[in-house]
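Structure, as structure tokens:
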Amino acid sequence: MKITVEEDKCCGAGQCVLIAPEVFDQRDDDGIVILLDATPAEDQYEQVLEAAAVCPAACIHLDDKA
Amino acid sequence: MTSVQSVLVVGASAAGLTTAEALRRKGFTGSLSLLGSESELPYDRPPLSKQVLSGAWEPERAQLRSAEALAALDAEFVLGDPAVGLDADNRKITTASGRTLTADAVVIATGATARTLPEQRGVRGTHVLRKLEDAAALRAGLLSARRVVVVGDGVLGAETAATARQMGLDVTLVGPQEAPMTGQLGALVAGHLADLHRRNGVKLRGGVLPDALHTEDGAVSGLRLSDGTELEADVVVTAVGCTPATDWLESSGLNLDNGVVCDAYCRAAPGIWAVGDVARWHHQGLGRLVRLENRTNAAEQGLAVAADILGDGKPYVPVPYFWTDQFDVKLQVYGIASAVARAEVVEGDPVEGRFVVSMTGPQGPECVLGWNMPKQARLQRAAVVDHYTRPRQPVTP
Numbered sequence: 001m002k003i004t005v006e007e008d009k010c011c012g013a014g015q016c017v018l019i020a021p022e023v024f025d026q027r028d029d030d031g032i033v034i035l036l037d038a039t040p041a042e043d044q045y046e047q048v049l050e051a052a053a054v055c056p057a058a059c060i061h062l063d064d065k066a
Numbered sequence: 001m002t003s004v005q006s007v008l009v010v011g012a013s014a015a016g017l018t019t020a021e022a023l024r025r026k027g028f029t030g031s032l033s034l035l036g037s038e039s040e041l042p043y044d045r046p047p048l049s050k051q052v053l054s055g056a057w058e059p060e061r062a063q064l065r066s067a068e069a070l071a072a073l074d075a076e077f078v079l080g081d082p083a084v085g086l087d088a089d090n091r092k093i094t095t096a097s098g099r100t101l102t103a104d105a106v107v108i109a110t111g112a113t114a115r116t117l118p119e120q121r122g123v124r125g126t127h128v129l130r131k132l133e134d135a136a137a138l139r140a141g142l143l144s145a146r147r148v149v150v151v152g153d154g155v156l157g158a159e160t161a162a163t164a165r166q167m168g169l170d171v172t173l174v175g176p177q178e179a180p181m182t183g184q185l186g187a188l189v190a191g192h193l194a195d196l197h198r199r200n201g202v203k204l205r206g207g208v209l210p211d212a213l214h215t216e217d218g219a220v221s222g223l224r225l226s227d228g229t230e231l232e233a234d235v236v237v238t239a240v241g242c243t244p245a246t247d248w249l250e251s252s253g254l255n256l257d258n259g260v261v262c263d264a265y266c267r268a269a270p271g272i273w274a275v276g277d278v279a280r281w282h283h284q285g286l287g288r289l290v291r292l293e294n295r296t297n298a299a300e301q302g303l304a305v306a307a308d309i310l311g312d313g314k315p316y317v318p319v320p321y322f323w324t325d326q327f328d329v330k331l332q333v334y335g336i337a338s339a340v341a342r343a344e345v346v347e348g349d350p351v352e353g354r355f356v357v358s359m360t361g362p363q364g365p366e367c368v369l370g371w372n373m374p375k376q377a378r379l380q381r382a383a384v385v386d387h388y389t390r391p392r393q394p395v396t397p
């Protein structure tokens with residue numbers, strides 16, 4: 001799995017960090033997403049999928065084939 | 001529970017789409033259909049009052065998923081054909097074009113419709129903002145306008161006023177509250193929001209209601225307020241709230257009361273669930289029926305409903321959350337502050353334009369608000385989780 005995020009679409013809601021804190025964080029100054037791990041281990045997949053699903057800006061993209 | 005072979009989601013916006021996606025992700029391989037009243041592919045609403053209205057984004061950018069992602073969902077999309085009736089016992093939906101659709105599980109995700117003032121019907125230059133087409137029409141109106149009056153001082157009204165002001169228009173924001181969004185933010189933070197709007201040149205008219213709409217040749221020309229003030233306007237935007245879209249369910253036999261009334265699992269009847277703006281469910285943490293009109297609830301409730309359809313449900317007890325961006329300020333709000341809650345700045349400093357406020361009610365911390373501190377507010381959210389997840393006395397709906 002390969003994760004990409006559209007930073008300029010991110011609204012800083014932080015839902016992804018609540019769900020998958022090992023993969024996502026937020027910038028201290030404006031709350032925009034920080035991708036900690038673009039190719040997470042398989043045990044993170046479920047949380048990452050859920051984070052992408054609830055992202056209110058639809059800015060987390062997953063490539064399952066990568 | 002017998003296993004579900006087919007799911008019909010009525011509503012193809014954030015709540016409906018998230019439910020459908022979650023079903024597939026959790027391994028549902030049966031037939032899946034989404035019925036949408038609008039002809040557009042699923043799009044997102046929060047950008048409509050900001051990036052789409054301002055022109056920073058082309059409308060296509062508000063689409064929730066790419067065409068490939070929608071194709072991968074392996075679902076049938078029936079768009080531009082609103083549902084007009086539900087036979088709840090047989091889970092049979094009738095549409096405006098005369099189609100009938102049935103499924104083992106029906107998910108009601110029809111959202112809400114914008115309220116209007118009766119006198120604005122048919123008057124050119126008056127707008128609501130709920131759909132993509134509304135945003136396009138309002139943007140076109142604003143581009144040739146000089147003076148705009150926004151009626152309604154909730155989230156949508158305040159955002160729309162900010163966007164219109166940033167487009168260079170003369171903007172007046174009218175509403176019944178002392179400061180915009182006082183109901184959601186409490187007096188302290190709403191006061192800062194009022195200052196923000198004034199600093200940026202928005203004229204605020206708090207504590208008043210619209211009294212009469214003036215027209216010239218069928219187009220709006222101004223507004224009289226309840227205190228007698230006369231305002232001139234080329235465009236009037238009404239952002240006076242939404243009504244849950246349940247008209248089509250009138251004869252369904254479902255319990256309708258400010259939304260589709262559901263139990264703690266968001267079930268409205270056997271084999272029927274409701275999700276998103278239209279759902280009023282029993283929030284066990286709060287011990288009462290709750291209906292939330294916000295983007296994050298649409299998604300989170302979609303996950304909860306998908307799990308329950310597949311027999312793996314839990315009571316849905318979210319910490320309500322919404323955000324709003326106005327001018328250069330990002331506001332995050334976790335929880336619902338009661339009218340009696342006390343506000344306290346717990347991090348940062350209003351003077352520096354960055355702070356977090358905690359709101360404490362009779363039973364402890366119930367709401368955390370961030371002002372240009374999204375990450376810090378999210379970290380403080382932990383203080384209110386208990387208030388929403390601890391079970392209370394059940395109520396009978």
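From first to last, the protein sequence lines are chains A and B. All residue numbers for the first sequence refer to full-length UniProt numbering, where the first residue is 1 and numbers rise by one. All residue numbers for the second sequence refer to full-length UniProt numbering, where the first residue is 1 and numbers rise by one. Virtual Cβ for every residue (Gly too), placed ideally from N, Cα, C. From a predicted model like this one, the values you see are computed outputs, not experimental measurements.
Item: Mind listing the chain B neighbours of Ala51(A)? Cutoff is C-beta to C-beta under 8 Å, in chain order.; Value: Per Cβ cutoff of 8 Å: no residues; Ala51(A) is ~10 Å from chain B at best.
Item: Roughly how many angstroms separate the alpha carbons of residue 472(B) and Gly98(B), rounded to a whole number?; Value: Nothing about residue 472(B) can be read from this structure; chain B reaches only from 1 to 397.
Item: Below 8 Å between beta carbons: does that hold for Ile93(B) and Leu23(B)?; Value: no
Item: Under 8 Å between the Cβ atoms of Pro82(B) and Ala62(B)?; Value: no
Item: For a contact meaning CB atoms closer than 7 Å, what does Asp28(A) contact in chain B?; Value: Lys375
Item: Skipping 5 residues on each side, what residues in its chain have a beta carbon closer than 6 Å to that of Arg381(B)?; Value: Tyr334 and Val368
Item: Suppose the cutoff is 8 Å on Cβ atoms and the five residues either side in sequence are ignored; what does the same chain contact list for Leu196(B) look like?; Value: Gln326, Phe327 and Val329
Item: Identify each residue in the UniProt domain "4Fe-4S ferredoxin-type" (1–29) of chain A for which the Cβ-Cβ distance to at least one residue of chain B is less than 9 Å, and report them in chain order.; Value: Lys9, Cys11, Gly12, Ala13, Gly14, Gln15, Val17, Leu18, Asp25, Gln26, Arg27, Asp28 and Asp29
Item: Leaving out the 5 sequence neighbours to the left and right, which residues in its chain are closer than 7 Å to Ala136(B) when beta-carbon positions are compared?; Value: Pro59
Item: Would you list, in sequence order, the uninterrupted beta strand (DSSP E) runs of no fewer than 3 residues that lie entirely inside the stretch 231–267 of chain B?; Value: 235–238, 242–244 and 260–262
Item: Starting from the beta carbon of Leu303(B), find every residue of chain D whose beta carbon is closer than 9 Å, and list them in chain order.; Value: No chain D appears in this structure, whose protein chains are A and B.
Item: Spatial neighbours of Leu8(B) within its chain, please: C-beta separation below 6 Å, excluding the five flanking residues on both sides.; Value: Ser33, Leu101, Ala103 and Val106
Item: Ignoring anything shorter than 3 residues or poking outside the stretch 141–221 of chain B, list the beta strand (DSSP E) runs there in chain order.; Value: 147–151, 170–175, 203–206 and 210–216
Item: List in chain order: all unbroken beta strand (DSSP E) runs of 3+ residues lying wholly within the UniProt domain "4Fe-4S ferredoxin-type" (1–29) of chain A.; Value: 2–5 and 24–26
Item: At the level of alpha carbons, what is the spacing between Tyr316(B) and Glu293(B)?; Value: 15 Å
Item: Measuring straight from C-alpha to C-alpha, what distance separates Val395(B) and Ser338(B)?; Value: Residue confidence for Val395(B) is low, a pLDDT of 48 falling below 50, so the modelled location carries little weight; the figure read from the coordinates is stated next. In a straight line, the C-alpha of Val395(B) is about 20 Å away from that of Ser338(B).
Item: Taking Cβ positions only, does Asp44(B) come closer than 8 Å to chain A?; Value: yes
Item: By the criterion of Cβ-Cβ separation under 8 Å, what are the contact partners of Ala38(A) in chain B?; Value: Simply none; closest approach about 19 Å.
Item: Can you tell which of Asp234(B), Gln166(B) and Ala158(B) has the C-alpha that lies nearest to the C-alpha of Pro176(B)?; Value: Ala158(B)
Item: To the nearest angstrom, report how far apart Gln363(B) and Arg295(B) are at their CA atoms.; Value: 27 Å
Item: For Gly191(B) versus Ala88(B), is the C-beta spacing smaller than 8 Å?; Value: no
Item: Buried or exposed for Val150(B), going by 16 or more other Cβ atoms inside 10 Å?; Value: buried
Item: What's the C-alpha gap between Met1(B) and Leu286(B)?; Value: Unreliable placement is indicated for Met1(B), whose pLDDT of 49 sits below 50; the coordinate value is still reported in the next sentence. C-alpha separation (whole angstroms): 28 Å.
Item: Ala299(B) and Gln332(B): beta carbons closer than 8 Å?; Value: no
Item: Please report whether the beta-carbon of Ala299(B) lies at a distance below 8 Å from any beta-carbon of chain A.; Value: yes
Item: Counting pairs of Cβ atoms below 8 Å between the stretch 231–244 of chain B and the stretch 111–120 of chain B, do you hit three or more?; Value: yes
Item: Apart from the five residues on each side of it in sequence, which residues of its chain come closer than 6 Å, Cβ to Cβ, to Thr182(B)?; Value: Ala190
Item: Determine whether the Cβ of Ala58(A) lies closer than 8 Å to any Cβ atom of chain B.; Value: yes
Item: I want to verify the contact list: residues of chain A whose CB lies under 9 Å from the CB of Lys314(B), in sequence order.; Value: Neighbours of Lys314(B) on chain A: none; closest Cβ ~14 Å, over 9 Å.
Item: Can you tell which of Pro40(A), Glu50(A) and Val23(A) has its C-alpha closest to the C-alpha of Ile34(A)?; Value: Val23(A)
Item: Would Asp247(B) be called buried (16 or more neighbouring beta carbons within 10 Å of its own) or exposed?; Value: exposed
Item: In chain order, which beta strand (DSSP E) runs of at least 3 residues are fully inside the stretch 69–98 of chain B?; Value: 76–78, 83–87 and 92–95
Item: Is the stretch 272–291 of chain B touching the stretch 13–32 of chain B, taking contact as three or more C-beta pairs under 8 Å?; Value: yes
Item: Which class does Thr116(B) belong to by DSSP, given the choice of helix, strand or coil?; Value: coil
Item: Give me whichever residues DSSP pairs with Ile34(A) in a beta bridge.; Value: Asp25(A)
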